[in-house]
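For reference, the structure discussed in these notes is given below.
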Amino acid sequence: MTDEFKTIATTSEGYYTEKRSKFLAFAHPVKTIDEVKDIIAGYRKKYYDARHVCYAYMLGAERTEFRANDDGEPSSTAGKPILGQINSNELTDILIVVVRYYGGVNLGTSGLIVAYREAAADAINHATIETRQVEELITYSFAYPQMNDVMRIVKDMNPRIVSQTYEGSTCTIVLSIRKGEADQLRTRLQKLL
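Residues are numbered in the numbering used here as their position in the sequence shown, beginning at 1, plus a constant of 281.
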């Protein structure tokens with residue numbers, strides 16, 4: 282498993298129109314299924330007059346948690362093409378919602394697939410894609426006189442300091458570091474004991 286993943290920085294929008302049907306696409310960075318549900322509920326409320334609110338999401342650095350929803354469109358004509366765009370861009374921690382306003386003309390299954398795919402692609406094209414690291418938290422407790430040794434390792438390996446606490450002469454530090462470097466940091470800290 283790699284210790285990097287790609288996601289979007291902020292919410293972005295896309296648009297596609299075909300035979301008077303309008304497809305409004307919204308890409309959101311997300312971390313949890315609860316977040317996904319809240320965002321979808323918000324779009325269903327905001328666009329209550331739309332015919333369909335279809336979506337797909339991908340969660341986790343391993344990219345194993347995902348779902349595609351056609352919301353009443355013919356099977357696999359909406360959610361799967363949206364998910365296909367997420368996959369072809371190798372993104373995760375993302376939700377793409379496509380709201381369809383029916384224009385009075387049926388597009389057919391191939392027309393729907395193209396429309397949902399293009400709307401999702403447009404939202405991704407308008408997004409800022411970031412590469413992030415999968416991080417691991419390491420908690421380390423030590424006696425106060427070891428502070429300089431610990432901080433030398435922190436300076437050398439450059440983990441992010443999440444928190445530091447002092448109780449009497451015992452210090453506890455919580456560090457966040459790229460998963461691929463976690464074992465090395467753990468080993469170096471253990472050698473101080």
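Yeah, the Cβ is synthetic: ideal placement off N, Cα and C, and Gly gets one too.
Item, Value
"Identify whether A376 lies in helix, strand or coil by the three-state DSSP scheme.", "Reading off the sequence, residue 376 comes out as Leu, not Ala. In this structure, L376 counts as strand in the three-state DSSP scheme."
"Are the beta-carbon atoms of M308 and I405 separated by less than 8 Å?", "The sequence as given places Ala at residue 308; Met does not occur at that position. It is a contact, given that the beta carbons lie within the stated cut-off."
"Excluding the 5 residues flanking C452 on each side, which residues of the same chain have their C-beta closer than 6 Å to its C-beta?", "F423, Y425"
"Could you pull out every residue in the same chain whose Cβ sits closer than 7 Å to the Cβ of G475, ignoring the five residues on either side in sequence?", "With the chain represented from 282 up to 474, any question about residue 475 goes unanswered, as that position is not in the structure."
"Once you ignore the five residues that flank S450 on each side, which residues in its own chain have a CB closer than 7 Å to its CB?", "A424, Y425"
"Return the Cβ separation of L364 and A349 in integer angstroms, given the expectation that the two are a contact with Cβ distance under 8 Å.", "4 Å"
"Flag this pair as yes or no: are the beta carbons of R467 and I434 separated by less than 8 Å?", "no"
"Alpha carbons only, please: which of Y336, I394, S357, G341 is nearest the one belonging to V378?", "Y336"
"Assess contact between the segment 292-311 and the segment 381-392, defined as three or more Cβ pairs (one per stretch) separated by less than 8 Å. Is contact present?", "yes"
"So the candidates are G353, I375, V380, D464; which of them puts its Cα closest to the Cα of T288?", "I375"
"Nearest CA to the CA of P310: which residue from I367, S357, T345?", "I367"
"In its own chain, which residues sit with a C-beta less than 6 Å from the C-beta of A342, not counting the 5 before and 5 after it?", "F286, V415"
"Does the beta-carbon of L388 have 16 or more other beta-carbons within 10 angstroms, so that it is buried, or is it exposed?", "buried"
"Label G323 either buried or exposed according to how many other C-beta atoms from any shown protein chain fall within 10 Å of its C-beta, with 16 as the threshold for buried.", "exposed"
"Going by DSSP, what residue range makes up the alpha helix (DSSP H) through L393?", "389-406"
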